[in-house]
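Data block below; observations after.
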Amino acid sequence: MTTMIPKDGRDDLLDRGYSRRQFGRIAALLGMPVAAAATLPHFMGEAHAAAAIPEMNRPDKSGMVRIATNECWTGPFPTAAEAGAAAIKVGNRYEPTNLREQLIEAASKVEGIPTSHILPWPGSSDPLSRVVVTFCSPTRGLVTADPTYEAAWRTAEWLKVKITKVPLSPANNYAADVRAMVKADPNAGLYYVCSPNNPTGTVTPIEDIEWLVNNKPEGAIVVVDEAYLHFAGTKSAAYLVAQNKDVVVLRTFSKLFGMAGLRLGFSFAKPELHERMMRYDGRNQSGTLSIVALAIGGSALQQSTNIVNRRNEMIAAREATFEYLRKRNITFIPSNANMFMVDWKRPAKSVKAEYAAQGVDIGRNWPIWPNMSRITVGSAEDMKKFCAATDKVIA
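Counting the sequence shown from 1 gives a position; this note's numbering is that position plus 928.
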């Protein structure tokens, strides 16, 4: 497995304190988005592999109200789906109409950053693993908020990298406490901010993110995960990429664009950072993209009116649910995205089972908050069924 890592990548890893014994782990991680089910169990064991890849071994929940995994309640925009259908007809060609470059050009136009600073991916899992491999090491750790999306934690744990978790700030609407993050580990290699945050849906102000980028330790990188940005409609950190700052912005089409199963995402970064991220496996996973996903994503990205309309549809369903929770005196954290946290005042795992008995699949809890569940905002009808189930669960 170590031979899969080119010599310059091996030299870089050794220089930063990794051991040769860790090369196999790194090679397995970088293969995860493409061939994880085949490669990772050998290295990690079945249980650890399933935890590292949430898509593995999921039960069939097609008959339930599915508000557990932050998927969109509907599929791609209809006209974007038509573009995907057209791509199927030329699926006998590897790249019939240069769809990959068209997607990059569309993103450049929408985001105001150079095409040289954009890489598309099959989702955002691969670049999220890569940033940990690339910018963390046995001597420079990972700092995140807590709770937050755990993929970076899992990668760091697998590589035996130091992980520092800083609680969200209740005084600042549960934003990431960026000043506390720097203070907690002033020698970290990577500071990860998910905004809007998963699982809370709360936003870290862009001014705080810019402060973090400007005040991080020398040589460190800030990663801003904007998977839910379109649901919030807030300012992106992409302008910092355009300024060639030490920042990587991650995006996915899995959420508002309704493409979770189609696998498409972006990383935005100055070319130097992308080059460093690509040195360990000798191949560009960014090139292994379905033309159907490329066609749908390229069309959807430019549909600003549909983006706003879908956001507003989600907000209406979310606010109606919040009104219901207030009337029932159920504690929750207000959100800017398509998810929120509910405090049941008792273990959340048992509550999840009670909802499942009502045919409603709600989300999980995080270790720091064992009595709270993440609820995805589904369609208006989904949320009405959630409220009806809640009446029975809390009774």
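Just so it is clear, CB atoms sit at the ideal spot from N, CA and C, and this is done for glycine as well. Predicted model only: the values in this text are computed from it and were never measured.
Beta-carbon gap between residue i and residue j smaller than 8 Å
i       : j       : result
Arg1302 : Gly1291 : yes
Arg1179 : Phe1159 : no
Asn1126 : Ala1155 : yes
Leu1229 : Arg1028 : no
Thr1130 : Ile1261 : yes
Leu1118 : Phe1181 : no
Leu1056 : Ala1084 : no
Ile1219 : Leu1190 : no
Val1106 : Trp1139 : yes
Ala1112 : Val1071 : yes
Thr1128 : Ala1104 : no
Val1176 : Met1242 : no
Arg1207 : Gly945  : no
Pro1298 : Ala1276 : yes
Thr1007 : Ser1227 : yes
Ile1149 : Leu1096 : no
Lys1313 : Val1288 : yes
Leu957  : Val1061 : yes
Leu1047 : Ile954  : no
Ala1011 : Gly1003 : no
DSSP-derived helix/strand/coil call for residue i
i       : result
Ala1103 : strand
Trp1294 : strand
Met992  : coil
Ala1073 : strand
Arg1082 : helix
Pro1095 : strand
Met1206 : coil
Asp936  : helix
Leu1229 : coil
Phe1185 : coil
Phe1005 : coil
Leu942  : helix
Val1089 : coil
Assigned exposure category for residue i - 16 Cβ within 10 Å defines buried
i       : result
Gln1171 : exposed
Glu974  : Per-residue confidence for Glu974 stands at a pLDDT of 40, beneath the threshold of 50, marking its modelled position as unreliable; the derived number appears in the next sentence. With fewer than 16 other Cβ atoms within 10 Å, it is exposed.
Ile1322 : exposed
Thr1318 : buried
Val1018 : exposed
Asn998  : buried
Asp939  : exposed
Asn1257 : exposed
Thr1249 : buried
Leu942  : exposed
Thr967  : In this prediction, Thr967 has a pLDDT of 40, which is less than 50 and means its spatial position is unreliable; nothing more can be read from the coordinates.
Met960  : Summary for Met960: the model assigns pLDDT 48, below 50, so the residue's position carries little reliability; its value from the coordinates is reported in the next sentence. With 16 or more other Cβ atoms within 10 Å, it is buried.
Lys1320 : exposed
Lys1144 : buried
Met972  : Its pLDDT being 42, under 50, Met972 is placed unreliably by the model, and the measurement read from it follows with that caveat. Classification for Met972: buried.
Ala977  : Residue confidence for Ala977 is low, a pLDDT of 44 falling below 50, so the modelled location carries little weight; the figure read from the coordinates is stated next. With 16 or more other Cβ atoms within 10 Å, it is buried.
Lys935  : exposed
Ser1164 : buried
Ala1244 : exposed
Residue from the options with nearest C-alpha to residue i
i       : options                            : result
Asp1153 : Ser1263, Gly1117, Ala1197          : Ala1197
Cys1122 : Thr1083, Leu1087, Ala1073          : Ala1073
Val1236 : Ala1265, Asn1257, Tyr1208, Gly1226 : Ala1265
Pro1124 : Asn1293, Ala1013, Met1267          : Met1267
Gly1051 : Glu1309, Ala1084, Trp1139, Leu1192 : Leu1192
Ala1284 : Ala996, Met1187, Leu941            : Ala996
Asp1209 : Ala1308, Arg1058, Lys1037          : Arg1058
Tyr1022 : Asp1289, Leu1217, Ile1046          : Leu1217
Tyr1167 : Ser1263, Pro1042, Gly1069, Leu1201 : Pro1042
Pro1098 : Ser1263, Met1311, Ala1316, Trp1272 : Ser1263
Arg1204 : Asn1100, Gly1147, Gly1069, Ser1164 : Gly1147
Met1311 : Tyr1120, Ser1053, Met992           : Met992
Glu1039 : Val1169, Val1279, Pro1295          : Val1169
Host alpha helix (DSSP H) of residue i (start-end)
i       : result
Lys1320 : 1308-1322
Val1176 : No alpha helix (DSSP H) holds Val1176; the beta strand (DSSP E) holding it covers 1175-1180.
Leu1192 : Where Leu1192 is concerned, there is no enclosing alpha helix (DSSP H), given that its DSSP letter is neither H nor E.
Leu957  : 951-958
Val1018 : Unbroken run through Val1018: none, as it is neither H nor E.
Arg1028 : 1027-1039
Ala1265 : Element bounds for Ala1265: n/a, residue is neither H nor E.
Terminal residues of the beta strand (DSSP E) in which residue i lies
i       : result
Leu1047 : 1046-1049
Ser1301 : 1300-1304
Met1242 : Premise fails: Met1242 lies in the alpha helix (DSSP H), 1232-1255, not in any beta strand (DSSP E).
Thr1128 : Thr1128 -> no beta strand (DSSP E), and no H or E assigned at all.
Ile1149 : 1149-1153
Ser1057 : Not the beta strand (DSSP E): Ser1057 falls in the alpha helix (DSSP H), residues 1053-1063.
Val1121 : 1118-1122
Ile1261 : 1259-1261
Asp1113 : First-last for Asp1113: undefined, no H or E at that position.
Distance cut-off 7 Å: residue i Cβ against heavy atoms of the ligand ADP
i       : result
Trp1139 : You won't find the ligand ADP in this model; it holds no ligand whatsoever.
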